[in-house]
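Student:
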Amino acid sequence: MSDTDDRRDVSRRRFLGGLGGTTVVALGGLGAAPAARASPKLPTKARIVIAGAGAAGLASAARLSQMLEGASITLVDRRKVHCYQPGFTLVAGGIKSADYVTSTTAEYLPAGCDWIEERVAEFVPDANKVITDSGRTIAYDYLIVATGLHLDYAAIAGMEVERIGQDGLGSLYAGPEAATATWKAMAAFVDEGGVGLFGRPITEMKCAGAPLKYTFITEDRLRRRGTRGKAELIYAAQNKGLFSVPIVSEKVRMLFRERDVAVRYDHVMTGIDLGRKVASYATPGGSAEIAYDFINVIPPMRAAPSVRNSPLPWQSGIFAADGWMEVDKASLRHRRYPNIFGVGDVAGVPKGKTAASIKWQVPVMADHLAADIQGKTSTSVYNGYTSCPLITKLGRAMLVEFDYDDNLAPSFPGLVAPLEELWITWVMKTMALKPTYLTMLRGHF
2 MSDTDDRRDV SRRRFLGGLG GTTVVALGGL GAAPAARASP KLPTKARIVI
52 AGAGAAGLAS AARLSQMLEG ASITLVDRRK VHCYQPGFTL VAGGIKSADY
102 VTSTTAEYLP AGCDWIEERV AEFVPDANKV ITDSGRTIAY DYLIVATGLH
152 LDYAAIAGME VERIGQDGLG SLYAGPEAAT ATWKAMAAFV DEGGVGLFGR
202 PITEMKCAGA PLKYTFITED RLRRRGTRGK AELIYAAQNK GLFSVPIVSE
252 KVRMLFRERD VAVRYDHVMT GIDLGRKVAS YATPGGSAEI AYDFINVIPP
302 MRAAPSVRNS PLPWQSGIFA ADGWMEVDKA SLRHRRYPNI FGVGDVAGVP
352 KGKTAASIKW QVPVMADHLA ADIQGKTSTS VYNGYTSCPL ITKLGRAMLV
402 EFDYDDNLAP SFPGLVAPLE ELWITWVMKT MALKPTYLTM LRGHF
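For what it's worth, my numbering labels the leading residue of the sequence shown as 2, then goes sequentially.
1) Tell me whether the beta-carbon of Lys330 lies closer than 8 Å to the beta-carbon of Tyr282.
2) May I ask which residues mark the beginning and end of the beta strand (DSSP E) holding Ser281?
3) Could you tell me the alpha carbon to alpha carbon distance between Ala33 and Thr75, rounded to whole angstroms?
4) According to DSSP, Ala348 sits in a beta bridge with which residue or residues?
5) Using CA atoms only, rank isn't needed, just tell me which of Phe124, Leu198, Lys81 is closest to Ser311.
6) Would Ala237 and Leu198 be called neighbours here (beta carbons separated by less than 8 Å)?
7) Can you name the start and end residues of the beta strand (DSSP E) that Glu163 belongs to?
8) For Val270 and Leu43, I'd like the C-alpha separation in whole angstroms.
9) Here's a check: name, in chain order, each residue in its chain whose Cβ is nearer than 7 Å to the Cβ of Trp315, leaving out the five neighbours to either side.
10) Taking all protein chains shown into account, do 16 or more other C-beta atoms lie within 10 angstroms of the C-beta of Leu434, making it buried, or fewer, making it exposed?
11) May I ask you to report which of helix, strand or coil DSSP gives Ile374?
12) Where do the ends of the beta strand (DSSP E) carrying Glu233 lie?
13) Give me the Cα-Cα distance between Ser245 and Ala211, rounded to the nearest whole angstrom.
14) Using the Cβ count rule (16 or more neighbours within 10 Å means buried), how would you classify Leu69?
15) Please classify Ile157: does DSSP put it in a helix, a strand, or coil?
16) Closest to Pro390 by C-alpha separation, out of Tyr338, Pro126, Thr90, would be which residue?
17) Where in the segment 187-218 do unbroken runs of the beta strand (DSSP E), each at least 3 residues long, occur, reported from the N-terminal end onward?
18) Please go through the same chain and pick out, in chain order, the residues whose beta-carbon is closer than 7 Å to the beta-carbon of Gly95, but skip the five residues on each side of it.
19) Compute the distance between the beta-carbons of Ile392 and Trp424, then report whether it is under 8 Å.
20) Determine the direct distance from the alpha carbon of Lys130 to that of Pro419, and round the result to whole angstroms.
21) Give the list of continuous beta strand (DSSP E) stretches no shorter than 3 residues that lie fully inside the segment 57-118.
22) Suppose only complete runs of 4+ residues qualify. What are the alpha helix (DSSP H) ranges in the segment 394-445, listed by chain order?
23) Could you check which residue in Gly415, Ser388, Val417, Thr431 has the C-alpha nearest to that of Asn408?
24) Distance check for Gly287 and Met441, CA to CA, integer angstroms please.
25) Taking DSSP's pairing of strands, which residues face Pro390 in a bridge?
26) Taking the beta carbon of Leu416 as the centre, do at least 16 other beta carbons fall within 10 Å, making it buried, or is it exposed?
27) Where do the N-terminal and C-terminal ends of the beta strand (DSSP E) with Lys354 fall, by residue?
28) Would you kindly check if the distance between the Cβ of Ala263 and the Cβ of Arg64 is under 8 Å?
29) Closest to Arg258 by C-alpha separation, out of Ile273, Leu234, Lys278, would be which residue?
30) For the structure I just gave you, are there three or more beta carbon pairs, one from the segment 299-311 and one from the segment 141-152, closer than 8 Å?
31) On a Cα-Cα basis, can you pick out the residue from Ile374, His445, Leu213, Ile299 that is closest to Ile273?
32) Between the segment 374-388 and the segment 55-63, do at least 3 Cβ pairs fall closer than 8 Å?
33) Quick one: give me the first and last residue of the alpha helix (DSSP H) that Phe257 is part of.
34) Report the three-state DSSP secondary structure of Asp368 (helix, strand or coil).
35) According to the Cβ coordinates, are Thr133 and Ile117 closer than 8 Å?
36) Quick test of your reading: Phe190 and Asp294, contact by CB under 8 Å. State the CB separation rounded to the nearest angstrom.
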């Protein structure tokens, strides 16, 4: 081993040795979100209802319970299992097992908060109440909508979620079991070769880098298995780009060209024939079909039906069709109902459907809510910060961080170059981010 290799090895050991305590907290933020309030707590009798107990809902409850004294904080969600969704790609790539991404909602419930194990079926903002699926009415002074989003598999004609893992059908978003089944289908494809088909929907989606990183993981698996020459990889892009940030899109285009991944632009998936193993697309020139041996289906994503069918979504504009919640992009406050906030995937903002975005959104929302209670105005602003640790091969990733204006926003300038394939970013994605995500759920920002 050379002196250079020795120095690199020492640097790696030092970095890995620091993946605990405050170092992990810093990495988990992928940037310095506002610090938690030390004290004193703000006394209030406000009734705060949080619709949804996923990452955004739990983090909101934890933050507010740290800031407020005497508030009634109630989470409404019937899901008992909590999923670390950023890990689904790792499970589907054969990097982690399904139990890596599963825990329980109860273990992150802040002390003193109530949990109603039902789903919000109806929002009635004019009366400051929500109605659960059992018919229970819950009144509030402040409402935080953190319902996440709906995976609209039904919008793809012929798609059958229960067949994921069979006949070359993969879809890593459908949950831990589906991610595991997708890995098995991908592994069989890696052994046998053929046509691997990838892409993303035309709608907004959570972690828009996931379809790209899964394409890269599959390509690297083929190379490591020695079967790359037996496989053709096709990425069906929903528009004329590969990523919403132009400089990142160009970098991915170059990497795809280097690794012989063909791109079909302006291909929007509309259907699939699971028996024939053919996917259908709408294109500017009409309908088109692509045959596959393995496919990773990413469904259209929309706001949950309870939000879509309420007064809360945008009434016009680019976010209206899919029911995303109408919020001010800087404060996350609803534009027509000032005592309502939207955080996480449901928020109709130009960026921000990642776990790292929640870390930045929740403190801003909480500051505005607390200021309201005091009759003040908060100056806290969410700038659209979004992070995507984009895996490009096993052992390498790019840390892509950006804001509303598509500016790159690196958290570690001089250490982590945002468009370089680095081992350190791989370590962040596969080792550091989950512990920091869990500290966020417990209110440590």
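Yeah, the Cβ is synthetic: ideal placement off N, Cα and C, and Gly gets one too.
Tutor: Looking at the atomic coordinates:
1) no
2) 279-284
3) Confidence at Ala33 is low in this model, with a pLDDT of 47, below 50, so its placement is unreliable and the value that follows should be read with caution. Cα to Cα, Ala33 sits roughly 28 Å from Thr75.
4) Met326
5) Phe124
6) yes
7) Unbroken run through Glu163: none, as it is neither H nor E.
8) The sequence shown places Met at residue 270, rather than the Val named in the question. Looking at the two C-alpha atoms, the distance is approximately 50 Å.
9) Ala321, Trp325, Glu327, Gly349
10) buried
11) helix
12) 232-237
13) 13 Å
14) buried
15) coil
16) Thr90
17) 195-200
18) Trp184, Ala188
19) no
20) 44 Å
21) 73-77, 82-84, 103-105, 115-117
22) 424-428, 434-442
23) Ser388
24) 46 Å
25) Leu400
26) exposed
27) No beta strand (DSSP E) holds Lys354; DSSP gives it neither H nor E.
28) no
29) Leu234
30) yes
31) Ile299
32) no
33) 247-259
34) helix
35) yes
36) 6 Å
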